[in-house]
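Have a look at the structure below before the remarks.
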Amino acid sequence: MCQNAVPMLPRSRVLASFFALSAVACVAVSGCAADAGDGSDEAPDGETSSTEEEIVSERQLMGSELPAKTLALTYDDGPGPRTGELADYLAQHGVPGTFFINGMKLPGRQAMVDKVIGRGHLLANHTQHHLQLTKLSSANVLKEVSDTDAIVRAEQPGGPFLIRAPFGAWNGAIAKNLNATSMKKYVGSVFWDIGGELTATSAADWDCWGKGLSITHCGDLYMSEIHARKRGIVLMHDIHGKSVDMTKYILPKLIAEGYKFVKLQDVPSIKRALASAGEPDQGCQSATLGRSVAENVCVEARRDSKWYRCVDGEWIGSAGAADAKCTQRFPL
-2 MCQNAVPMLP
8 RSRVLASFFA
18 LSAVACVAVS
28 GCAADAGDGS
38 DEAPDGETSS
48 TEEEIVSERQ
58 LMGSELPAKT
68 LALTYDDGPG
78 PRTGELADYL
88 AQHGVPGTFF
98 INGMKLPGRQ
108 AMVDKVIGRG
118 HLLANHTQHH
128 LQLTKLSSAN
138 VLKEVSDTDA
148 IVRAEQPGGP
158 FLIRAPFGAW
168 NGAIAKNLNA
178 TSMKKYVGSV
188 FWDIGGELTA
198 TSAADWDCWG
208 KGLSITHCGD
218 LYMSEIHARK
228 RGIVLMHDIH
238 GKSVDMTKYI
248 LPKLIAEGYK
258 FVKLQDVPSI
268 KRALASAGEP
278 DQGCQSATLG
288 RSVAENVCVE
298 ARRDSKWYRC
308 VDGEWIGSAG
318 AADAKCTQRF
328 PL
């Protein structure tokens, strides 16, 4: 079932929605600009970043609860020309990957998707055309998700079914819409902890390539952020050949440093969400509790230890114990 959201941290700590379709508007940087000259044949995609007010945490499925030195690798916007090569490389190192695909990229690349499945990785839904869902009608949102679901379902009929909204853009209306259809089987929107922003100490691969950074420079920035956060869901984009090469640059380093790699469905917040997928939507989906809660229920979020209250299907900031409107409270 899709999830709801809660007002969140500044852009440098961007989050993502959760459960079989979460709620509240959230737009975050999730790169997909084309990689000029690296073997990708895609046209550039524009990227947007969210304001602090648009980013929310209680609906975001992230990896902050993983043990230290534990990562889940995710790749967006494929399948690309080298997705099969990447799937092979990860499997050779015993590392599971999750590939959030855009259905429109499939023609001519079925073999890439077959390789992802054949090598034991997870296929997931990144919608058909990589459009910002918060700007689409309910009917078009459903079509964007269901068209790519047809591909995912054919390859992976038993699930698990995970979704990541393009640009991280997700809200309560989207969640409610999808949860009223057969797409309620999806858990999401899945966000990321690492790889969302290019700074002096962190990186977003698509932005690295757009700004002309080398593979080693971008890879070193990913390593810097990984060292700082110590755990989490890592975002990269297999549509870019340079991102495949960067994976080959950083993965041996991470393995040598003792990092472990888990399947995305084993990330605690996602595992909780999967356990409640398909259950009735009471109002707001809580990433902390792993289930839906009713109007005016208050939850202390695992992600930022702040309190949020469910109001009209969305999460808003709450004073917790001092909030007289809370009908029920769930502290950490």
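The opening position of the sequence shown corresponds to residue -2 in our numbering, with each subsequent residue numbered one higher. By construction, the Cβ of each residue, glycine as well, lies at the ideal position given by its N, Cα and C atoms.
- Can you tell me the Cα-Cα spacing of M220 and Q57, whole angstroms? 23 Å
- Query: So what does DSSP say about C295, is it helix, strand or coil?
  - Reply: strand
- Does the Cβ of M180 have 16 or more other Cβ atoms within 10 Å, making it buried, or fewer, making it exposed? buried
- Query: Is the beta carbon of N168 sitting closer than 9 Å to the one on V142?
  - Reply: no
- So, using beta-carbon positions, are V231 and D263 closer together than 9 Å? no
- Below 8 Å, can you find three or more Cβ-Cβ pairs linking the stretch 101 to 112 to the stretch 67 to 87? yes
- Item | Rounded Cβ spacing between R161 and S134 (contact assumed at less than 8 Å) | 21 Å between Cβ atoms; not a contact.
- Assigned exposure category for L248 - 16 Cβ within 10 Å defines buried: buried
- Pick helix, strand or coil for R269, following the three-state DSSP scheme. helix
- Item | For R226 and T213, the rounded distance between their alpha carbons | 20 Å
- Skipping 5 residues on each side, what residues in its chain have a beta carbon closer than 6 Å to that of Q125? G100, M101, E141, D144 and T145
- Task: Taking only the alpha-carbon atoms, compute the straight-line gap between G193 and K250 and give it to the nearest angstrom.
- Result: 21 Å
- Message: Need the endpoints of the beta strand (DSSP E) that D225 sits in, please.
- Response: The sequence shown places Ala at residue 225, rather than the Asp named in the question. Here A225 belongs to no beta strand (DSSP E); instead the alpha helix (DSSP H) covers I212 to R226.
- Item | Candidates R306, T244, A274 and K322, of which the one nearest N176 by Cα | A274
- Task: Say whether the stretch 238 to 248 touches the stretch 201 to 215, bearing in mind that this needs 3 or more beta-carbon pairs closer than 8 Å, one atom from each stretch.
- Result: yes
- Thinking C-alpha only, which one of G117, I223 and M109 is nearest G94? G117
- Query: Would G60 pass as a contact of A69 if the rule is Cβ separation under 9 Å?
  - Reply: yes
- Item | Pair within 9 Å by beta-carbon distance, L119 and K260 | yes
- Query: Just to confirm, are S289 and D278 a CB contact at a threshold of 9 Å?
  - Reply: yes
- Query: Taking DSSP as the reference, what is the three-state secondary structure of Q279?
  - Reply: coil
- Item | Assigned secondary structure, S134 (DSSP; H/G/I helix, E/B strand, else coil) | coil
- Message: So the candidates are L63, E62, F97 and M109; which of them puts its Cα closest to the Cα of A84?
- Response: M109
- Message: Give me the residue from L63, K112, F97 and K66 with the minimum Cα distance to L87.
- Response: K112
- Helix, strand or coil at R106 according to DSSP, with G and I counted as helix: coil
- Task: Rounded to whole angstroms, what's the CA-CA distance from C215 to S302? Just pull it up for me.
- Result: 31 Å
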